[in-house]
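Protein chains: 2
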Amino acid sequence: MKITAVIMAGGRGERFWPKSRNSCPKQFLSLTSDGETMIQKTVKRLSPLVSPEDIFIVTNAAYGELVQDQLPDVPKENILSEPCARNTAPCIAFAAAVIQKKYGDAIMLVLPSDHLIGYENIYIKTLKKAIKTAEEGKNLVTIGITPTYPETGYGYINFGEESGDAYEVERFVEKPDLPTAKKYLASGKYLWNSGMFVWKTSSIMDNMQALMPDIYEGALRIGESYCTPDFEETLVKEFTAFRSESVDFGIMEKASDIYTIPGSFGWDDVGSWLAVERINETDDDKNYFDGDVISVDSKRTTVCAGKRLVAAIGTRDIIIVDTDDVLLVCSKNNTQDVKKVIAQLKEQGRDELV
Amino acid sequence: MKITAVIMAGGRGERFWPKSRNSCPKQFLSLTSDGETMIQKTVKRLSPLVSPEDIFIVTNAAYGELVQDQLPDVPKENILSEPCARNTAPCIAFAAAVIQKKYGDAIMLVLPSDHLIGYENIYIKTLKKAIKTAEEGKNLVTIGITPTYPETGYGYINFGEESGDAYEVERFVEKPDLPTAKKYLASGKYLWNSGMFVWKTSSIMDNMQALMPDIYEGALRIGESYCTPDFEETLVKEFTAFRSESVDFGIMEKASDIYTIPGSFGWDDVGSWLAVERINETDDDKNYFDGDVISVDSKRTTVCAGKRLVAAIGTRDIIIVDTDDVLLVCSKNNTQDVKKVIAQLKEQGRDELV
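If you want it as structure tokens, here you go:
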């Protein structure tokens, strides 16, 4: 069966402000010293499994050109531009309908564009298991990450009986508090919900028809118009009419016959500036310095320098990000508060800095 | 007797890097929100006592234009440009010889260009007492600051018997350790050495003749040539031949018959970036923000923004200084280490940043 990949690249990446901007969100940035952007890495690591002409990028219309520039091997008609943001369910419905129109029934990998994978061989092996599971007729398959610590910032997947390479999913659970997360880990029956899915287009379409018929109908009409002169008009009309809905809430938490493949391949969701020290090499004092940096007695300090020299003296547990028009100095305890600065800037009407 | 003032403005102000540069040291910067530079404030606060035409600025030749720009009321011939840096003794000898040539014997106030004074009325009253003391024939007079805490970064003046408005100086002592500084304060017999002096030109010249005849002779020759066509040539020849010597070591610690006037007028030597929060108003969280700053949960943070927005999130006890080509992020515990960065830059040959 044809294997395709859908890469979701419509996100805003607010937590990586001020590098991540409305005009160039996180997935189009390089946060590693090799200079490759997140989405470039995402496409590249799929190469043993999916060729660029079978990769579809769902993104905001504003980022169409960025995608083309960064991924010249992905055909232009595979860049699926959302006229507005409607969360992951309409995004996936749009892509599934287009793929079904183009190829008939096909395997569809659904992947975020802005995560990192440490062990790419194991990642590919895990995806292959998921593909085999989906091909065997299992309804919906999700990749669950074997937890390495009781993270409270992720949703979890509770799994039950083994079934071939996969496990039956008992339920999806929301972000837990710390004692609950610890219980999850101790039970050996919970995985992190990574937002990676594998299924046949026919399976996801059937589930949408049953669980969100309004979005299903609209997506079908978009799919029908794909590669016809009516496509743009139909897309705008149908997509803007969609309600916002996540695939987790709209499908995964309600569907039955769901399977998970446990994966352990150095997955990192690169969820905040704290990730930079995890995904890059640090020095003996646990500093990560990118660019022109002079340090005197700094420890556990992350510096992403811009065009200027950054002198960090005696700093501890702090993140410094320098851009042409904004400088961020952020305690490692407060990386989530970057969003509050963006909110203030919006209130002040300073959209050029958002 | 004619009252003149000599303002020493040849310093480099390394501890205020990266704002203070070789091309524009601290005394020519504004570190307060009123926009006045340190040297402008120094001249202005003397106005009840000395008019601009009787104020002499001794500075490095490289800063002559800066002085003229910032102090247009000071006559050009009062800007005494040192061809090279030779510490305070040659600086004062140069100025004393010039003033004696111009006015004959005169009162000479010797003042740093980069300190701040909180209570200017009291400052002027204190200077008046010192002038009266010097006019009465007391050899050398220094202003001592009544200590408010056991500072270990200043030299101290140990004083003895009262004599009119002044006290006899027993001895000058180097920077003490903390227990010694505490003893000094408890004794009630020690003042901070502020580097402010008052004397007749004839007195300081006599002392120089006795204690540093080489510098005295050279200075005399410079003074003789002042306002003649030979001045530039004589100055370069004599001044470059001077050895480096501080007035404290060369004169004050060796001369006899020295008096001190205790002063308590909100003196601040503005010795490091820590001073900025002392000399400016801070908010309820003890932050000082100058420029375009957004703060989320920051405390005891000093930000001197440049042309860009600075976002400070969750920061504590840190100093952020943004300039066009360098950004400094410095723990308040390490403000002295700014010099180490400058040393590194010099080693790297990056003089444009020094």
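Line order of the protein sequences matches chains D and H. Start counting the first sequence at 1; every next residue gets the next number (our numbering). Start counting the second sequence at 355; every next residue gets the next number (our numbering). All C-beta atoms in this analysis are idealised placements derived from N, C-alpha and C, irrespective of residue type, glycine included.
*From ILE511/H to ASN688/H, what does the alpha carbon distance come to, in whole angstroms?*
The count along the second sequence starts at 1 and reaches residue 511/H at position 157. The count along the second sequence starts at 1 and reaches residue 688/H at position 334. Looking at the backbone, the Cα of ILE511/H and that of ASN688/H are separated by about 28 Å.
*Is ARG21/D helix, strand or coil when you go by DSSP?*
Along the first sequence, read from residue 1 onward, the residue named residue 21/D stands at position 21. Three-state result, ARG21/D: strand.
*Could you tell me if LYS26/D is buried or exposed, where buried requires 16 or more neighbouring beta carbons within 10 angstroms of its beta carbon?*
Here the question's residue 26/D lines up with position 26 in the first sequence. In this structure LYS26/D is buried. Its beta-carbon is surrounded by 16 or more other beta-carbon atoms within 10 angstroms.
*Buried or exposed: which applies to ASN547/H, given that a residue is buried once 16 or more other Cβ atoms fall within 10 Å of its Cβ?*
As a working mapping, residue 547/H is identified with position 193 in the second sequence. When all chains shown are included, ASN547/H counts as buried.
*Show which residues of chain H have a CB atom less than 7 Å away from the CB atom of LYS189/D.*
Translated into positions along the first sequence, residue 189/D becomes position 189. Neighbours of LYS189/D across chain H, judged by C-beta separation under 7 Å, do not exist; the nearest C-beta is about 36 Å away.
*Starting from the Cα of THR396/H, find the closest Cα among VAL624/H, THR669/H, THR487/H and give me that residue.*
As a first step, residue 396/H must be located in the second sequence, where it is residue number 42. Its Cα nearest to that of THR396/H, the residue VAL624/H stands out among VAL624/H, THR669/H, THR487/H.
_In chain order, what are the residue ranges of uninterrupted alpha helix (DSSP H) at least 4 long that sit wholly in the stretch 256-317 of chain D?_
Listed in chain order, they are 275-279.
*ALA665/H: buried (16+ other C-beta within 10 angstroms of its C-beta) or exposed?*
As a first step, residue 665/H must be located in the second sequence, where it is residue number 311. So ALA665/H counts as buried.
_For PHE596/H, three-class secondary structure by DSSP_ = The sequence position of residue 596/H within the second sequence is 242, counting from 1. Assigned with DSSP and collapsed to three states, PHE596/H falls in coil, not helix or strand.
*From the DSSP output, which residues share a beta bridge with MET108/D?*
Here residue 108/D refers to the residue found at position 108 when the first sequence is read from its first residue. According to DSSP, MET108/D bridges with THR4/D, TRP199/D.
*Who are the Cβ neighbours of PRO437/H in its own chain at under 7 Å, not counting the five residues just before and after it?*
Reading the second sequence from its first residue, position 83 is the one you call residue 437/H. Counting only Cβ-Cβ distances below 7 Å, and skipping sequence neighbours, we find ALA415, LEU589, VAL590, PHE593, THR594.
*Can you have a look at GLN348/D and say buried or exposed, based on whether 16 or more other CB atoms are within 10 angstroms of its CB?*
Taking the first residue of the first sequence as position 1, residue 348/D is located at position 348. So GLN348/D ends up on the exposed side.
*asked:* Please give the ranges of any beta strand (DSSP E) in the stretch 530-577 of chain H, keeping only runs that are unbroken, at least 3 residues long and fully inside the region.
replied: Whole beta strand (DSSP E) segments, 3+ residues: 544-554.
*Within 8 Å (strictly less), CB to CB, does CYS658/H reach chain D?*
Here residue 658/H refers to the residue found at position 304 of the second sequence. Output row for CYS658/H: interface = no.
*Counterpart residues of ILE433/H in DSSP-defined beta bridges*: Here residue 433/H is taken as the residue at index 79 of the second sequence, counted from 1. ILE433/H is bridged by DSSP to ILE411/H.
*For GLU524/H, the three-state DSSP class (helix, strand or coil)*: Translated into the one-based positions of the second sequence, residue 524/H becomes position 170. In the three-state DSSP reduction, GLU524/H falls in the strand class (E or B).
_Which residues DSSP lists as bridging ASN158/D, in chain order_ = The count along the first sequence starts at 1 and reaches residue 158/D at position 158. For ASN158/D, which the question treats as bridged, DSSP gives the partners ARG171/D, TYR190/D.
*Helix or strand or just coil, what does DSSP make of ASP691/H?*
As a working note, residue 691/H is residue 337 in the second sequence. Secondary structure at ASP691/H: helix, using DSSP grouped into helix, strand and coil.
*asked:* Let me see if you follow: with CB-CB separation under 8 Å, is ARG375/H close to chain D or not?
replied: As a first step, residue 375/H must be located in the second sequence, where it is residue number 21. Chain D, which has no Cβ nearer than 8 Å to the Cβ of ARG375/H, makes this no.
*Counted within 10 angstroms of its Cβ, other Cβ atoms place LYS183/D as buried (16 or more) or exposed*: Here residue 183/D refers to the residue found at position 183 of the first sequence. Result: exposed.
*Sheet register partners of ALA9/D (DSSP bridge)*: For the purposes of this step, residue 9/D is taken as residue 9 along the first sequence, with counting starting at 1. According to DSSP, ALA9/D bridges with THR59/D.
*Are the Cβ atoms of LYS332/D and ILE318/D separated by less than 8 Å?*
Your numbering for residue 332/D matches position 332 in the first sequence. Your numbering for residue 318/D matches position 318 in the first sequence. Result yes, Cβ atoms of LYS332/D and ILE318/D sit closer than 8 Å.
*Neighbourhood of GLY514/H by C-beta, 7 Å cutoff - its chain only, sequence neighbours within 5 removed*: The residue you call residue 514/H lines up with position 160 of the second sequence. Cβ within range, chain order: TYR521, GLU522, GLU524.
_Three-state secondary structure assigned by DSSP to CYS438/H_ = Taking the first residue of the second sequence as position 1, residue 438/H is located at position 84. Secondary structure at CYS438/H: coil, using DSSP grouped into helix, strand and coil.
*Would you mind reading off the limits of the beta strand (DSSP E) that contains VAL326/D?*
Taking the first sequence and counting its residues from 1, the one referred to as residue 326/D is at position 326. Judged by DSSP secondary structure, VAL326/D falls within the beta strand (DSSP E) whose first and last residues are 326-331.
*Buried or exposed: ASP646/H, going by 16 or more other Cβ atoms within 10 Å of its Cβ?*
Counted from its first residue, the second sequence places residue 646/H at position 292. So ASP646/H ends up on the buried side.
*Spatially closest choice to LEU31/D from LEU66/D, ILE342/D, TRP17/D, by CA coordinates*: Mapped onto the first sequence, residue 31/D falls at position 31. Cα-wise, what sits closest to LEU31/D is TRP17/D.
*Is LEU663/H close to chain D, meaning its C-beta is less than 8 Å from at least one C-beta of that chain?*
Numbered from 1 along the second sequence, position 309 holds the residue referred to as residue 663/H. For LEU663/H, the answer is yes, since a Cβ of chain D falls inside 8 Å of its Cβ.
_Nearest neighbour of ALA488/H, chosen from TYR613/H, THR669/H, CYS684/H, LEU681/H [CA to CA]_ = Position 134 of the second sequence holds residue 488/H. Selected option, being the one with the closest Cα: TYR613/H.
_Below-8 Å beta-carbon distance, LYS128/D vs any chain H residue_ = Numbered from 1 along the first sequence, position 128 holds the residue referred to as residue 128/D. Output row for LYS128/D: interface = no.
_Minimum C-alpha distance to VAL58/D - residue among ALA89/D, ILE279/D, TYR216/D, THR282/D_ = Translated into the one-based positions of the first sequence, residue 58/D becomes position 58. Among ALA89/D, ILE279/D, TYR216/D, THR282/D, the Cα nearest to that of VAL58/D belongs to ALA89/D.
*How close, in whole Å, do the beta carbons of ALA450/H and MET550/H come, if the pair is a contact with beta carbons under 8 Å?*
Here residue 450/H is taken as the residue at index 96 of the second sequence, counted from 1. Here residue 550/H is taken as the residue at index 196 of the second sequence, counted from 1. Actually they are not in contact, since the Cβ atoms of ALA450/H and MET550/H sit about 15 Å apart, beyond 8 Å.
*Are ASN280/D and SER33/D touching if we call contact CB-CB under 8 Å?*
Within the first sequence, numbered from 1, the residue matching residue 280/D stands at position 280. Within the first sequence, numbered from 1, the residue matching residue 33/D stands at position 33. Going by C-beta atoms, ASN280/D is nearer than 8 Å to SER33/D.
*Give the secondary structure of GLY144/D by DSSP, where H, G and I count as helix, E and B as strand, and everything else as coil.*
On the first sequence, residue 144/D is found 144 positions in, with the first residue counted as 1. Note: GLY144/D maps to strand in three-state DSSP.
*Hey, LEU420/H and ALA359/H: beta-carbon distance below 8 Å or not?*
For this step, residue 420/H is matched to residue 66 along the second sequence. For this step, residue 359/H is matched to residue 5 along the second sequence. Contact: no.
*What in chain D is Cβ-close to LEU383/H, meaning under 9 Å?*
Along the second sequence, one-based indexing puts residue 383/H at 29. None at all; the shortest Cβ gap to chain D is about 18 Å.
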